[in-house]
Each structure stands twice: as structure tokens, then as C-alpha cells.
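Chemist: Let me begin by handing over the structure; questions about it come next.
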Amino acid sequence: MFDFIRKAVIAHKIDEVKAELHRAGQALQELLMDADVLEKLDAHTVWSLLHGLDASFTVLEKTLRSTLSENEAVHPDVRRSLREVQAAVAALRSSLTGLLPLVENVYPQPARKTQWELVPPNGQA
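In C-alpha cells, the structure reads:
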């Protein structure tokens, strides 16, 4: 009985996360498509956003790679799904990396640091 309730609560929370991920993606897409807003961004904000996204995707990509390499016993369907997510994140990160030199032509690097320092758990790289 309690196991059923726990699973229902988890399923509900997963639905909330899915909806929020969708909303976040839509909001980011709308920001990137709004030329008026983009023109009003200062260099520090632009670089903070880009470096924050890059750090997030870097952590996610490394987490997926580590999970796939450390857990050989993962069900094939789960492994396939994780590889698909990893490929999508890698492609997104590659696009972002390709954008950085173009942004540098418009927005010079700000004086204050905007790049994240990522420290993985247990000294993993």
C-alpha cells in the first residue's frame, strides 16, 4: 500500500519536472527569438547566461557519460534512453560552443568573471 503511494507521489513529481523543463525550454527559446530583448542585454548578462548554460550542460553530459560507463547492468531500454539524452545534450553544448566566438564579436568579455568553476564529486573529471 505505502509502496503504491510512494510511486504515485514520485510519478506526480516527475510530471511536474517534465512540465517545468518544457516551460524553461520555451522561455529560453522565446528569449532567444526576441530581438528587442537581446539588443538590451549588457555584456555581463549575456556572458553570465552563456557560461551558466555551458556549465549546466557540461555537468549533465559528464553525469550521463559517467552513469553509462559505471553501470553496465543497466537495462538496455534505459541505456538507450540515456544515450539519446547524452547525444542531445552533447549536440546542444556543441551548438553553444560554436556560438561563443560569434557572441565575442558583439559582446566583449566582461571585466567580472562569469565562467563557472565545476568541481566534480570524488575528484572525477
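Residues in the sequence shown are numbered consecutively from 1395, following my numbering. Ideal Cβ placement from N, Cα and C applies to all residues, glycine included. The model shown is predicted, which means the values in this text are computed figures rather than measured ones.
For the stretch 1441 to 1514, which segments carrying the alpha helix (DSSP H) assignment without a break, of at least 4 residues, lie completely within its bounds, in sequence order?
Modeler: Within the stretch 1441 to 1514, the complete alpha helix (DSSP H) runs of at least 4 residues are 1470 to 1500.
Chemist: Please classify leucine 1435: does DSSP put it in a helix, a strand, or coil?
Modeler: Here leucine 1435 sits in coil by DSSP.
Chemist: Can glutamine 1503 and histidine 1445 be called in contact, C-beta distance under 7 Å?
Modeler: No, Cβ-Cβ distance for glutamine 1503 and histidine 1445 is not below 7 Å.
Chemist: Ordered along the chain, which non-local residues of its own chain (more than five positions away) have a Cβ less than 8 Å from that of phenylalanine 1451?
Modeler: Closer than 8 Å at Cβ, skipping near neighbours: Val1483, Leu1486, Arg1487, Leu1490.
Chemist: By the 10 Å Cβ neighbour count, where 16 or more other Cβ atoms means buried, how is leucine 1458 classified, buried or exposed?
Modeler: Leucine 1458 should be labelled buried.
Chemist: I'd like to know whether the C-beta atoms of alanine 1449 and tyrosine 1501 end up nearer to each other than 7 Å.
Modeler: No, the Cβ-Cβ distance between alanine 1449 and tyrosine 1501 is not below 7 Å.
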